[in-house]
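The sequence shown begins at 95 in my numbering and counts up one residue at a time.
C-beta atoms are modelled at their ideal positions from N, C-alpha and C, and glycine is treated no differently.
What follows is a short report on a single structure.
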Amino acid sequence: MRLREGIWSRLGRHELAILGGALAVAALLSAFVALAGEVLEGETQALDRLLLLALRDAADPSNPLGPSWVEEMARDITALGSMTVLILITLAAVGFLLLMEKRSAPLFLLASVGGGILLSTLLKLGIDRARPDLVPHGQVVYTASFPSGHSMLSAVVYLTLGALLARFVPRRRLKAYVLVIAILLTLMVGMSRVYLGVHWPTDVLAGWTAGAAWALLCWVAAAWLQSRGTVEDDHETVADLGREDEARMP
């Protein structure tokens with residue numbers, strides 16, 4: 095008992111956060127592998143068909159449920175997970191970090207997003223699941239179905255940026271607000287893919303799982319690199335901004 099308490103006492107909050115993040119990554123990866131296995135074996139096909147058709151007009155599967163403006167809104171939301179929009183948002187965040195005189199953090203952010211794009215592409219090529227053919231697609235598609243690239247990359251970009259921005263704000267309510275917005279954007283993009291009929295529900299679930307695992311892995315790596323001084327600590331930026339504000343006060 096004393097030995098166990100001694101071990102935990104030597105671990106600071108920073109190390110415990112890294113350890114907890116690593117365990118969460120392992121859990122998410124296990125869930126993704128289990129889901130991919132079920133998909134490859136065809137065990138999820140019946141549920142996928144049921145959920146996808148539940149969102150369409152029974153008399154005319156070409157029409158999703160709801161008025162036409164809802165479908166148009168779904169297209170607008172799904173665009174938030176497109177490669178073009180996510181790259182623009184990432185470049186804007188890189189520019190923000192450069193203006194804050196960060197050098198390593200922008201490179202780490204680019205590597206995180208680039209790695210997520212590469213991982214999504216490799217998973218699609220490796221599993222090569224066909225797109226849904228039960229209903230007309232509400233959008234032009236070019237790649238395989240599993241996992242959903244929009245869902246996965248939205249999780250990679252929005253969750254990574256959400257975690258990054260949360261460390262720049264001092265109050266807990268502001269941190270929670272930033273993270274909740276990042277999570278809501280990720281969820282909305284994924285649900286729009288199913289509503290438009292371009293992905294099976296399990297494609298989206300796999301995209302969320304893999305994207306969250308990658309974003310969390312990048313967070314763990316960033317925390318470890320910050321502890322070694324390789325990547326700038328965001329808390330130092332908050333302190334620097336506070337000192338600048340005090341210096342400007344009369």
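Check: Sub-8 Å separation of residue 304 and residue 217 beta-carbons; Outcome: yes
Check: Burial state of residue 124 (16 or more Cβ within 10 Å); Outcome: exposed
Check: Where residue 246 falls, given that 16 or more other Cβ within 10 Å makes a residue buried; Outcome: buried
Check: Alpha carbon of residue 145 to alpha carbon of residue 196, nearest angstrom; Outcome: 46 Å
Check: 8 Å Cβ cutoff met for residue 150 and residue 158; Outcome: yes
Check: Own chain, CB closer than 7 Å to residue 289, minus 5 neighbours either side, in chain order; Outcome: 149, 158, 168
Check: C-alpha distance - residue 140 paired with residue 198, whole-angstrom precision; Outcome: 47 Å
Check: Contact belief for residue 284 with residue 239 at Cβ below 8 Å, rounded distance in angstroms; Outcome: That belief does not hold up - the Cβ atoms of residue 284 and residue 239 are roughly 13 Å apart, past 8 Å.
Check: Buried or exposed by the 16-neighbour rule on C-beta atoms within 10 Å, applied to residue 301; Outcome: buried
Check: Residue range of the unbroken alpha helix (DSSP H) whose run includes residue 166; Outcome: 162-173
Check: Spatial neighbours of residue 255 in its chain, beta-carbon cut-off 6 Å, leaving aside the 5 residues before and after; Outcome: 187
Check: Anticipated Cβ contact below 8 Å, residue 175 with residue 226, distance rounded; Outcome: Residue 175 to residue 226, Cβ: 17 Å. No contact.
Check: Own chain partners of residue 119 with C-beta closer than 6 Å, once the 5 adjacent residues on each side are dropped; Outcome: 307, 310, 311
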